[in-house]
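Have a look at the structure below, then the notes.
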């Protein structure tokens with residue numbers, strides 16, 4: 026079985042990607058300040074996505090540093 030990927034849309038500009046990273050980071054920070062503790066956020070994400078707790082923890086930890094890594 027051969028799989029072919031068709032690229033129909035041009036890649037997003039770096040400005041749009043940087044803005045998206047900042048907005049995602051701000052949204053997750055806002056969620057953390059909403060009153061839900063970290064464990065509750067992880068459980069809710071895990072219940073709705075079926076992802077492993079380890080993967081969710083890795084993403085939530087990395088999001089704190091994303092803007093610093095990829096945005097100037």
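Numbering (our numbering), first residue to last: 26 to 97.
Note that beta-carbon positions come from the ideal geometry of N, C-alpha and C, so glycine has one too.
Where the alpha helix (DSSP H) containing residue i begins and where it ends
{"i": "residue 32", "result": "Residue 32 -> no alpha helix (DSSP H), and no H or E assigned at all."}
{"i": "residue 64", "result": "63-74"}
{"i": "residue 45", "result": "39-57"}
Per-residue DSSP class, three states only, for residue i
{"i": "residue 93", "result": "helix"}
Other residues of its chain near residue i: CB distance less than 7 Å, five sequence neighbours each side excluded
{"i": "residue 88", "result": "49, 50 and 53"}
Beta-carbon proximity list for residue i, same chain, < 6 Å, skipping 5 on both sides
{"i": "residue 43", "result": "96"}
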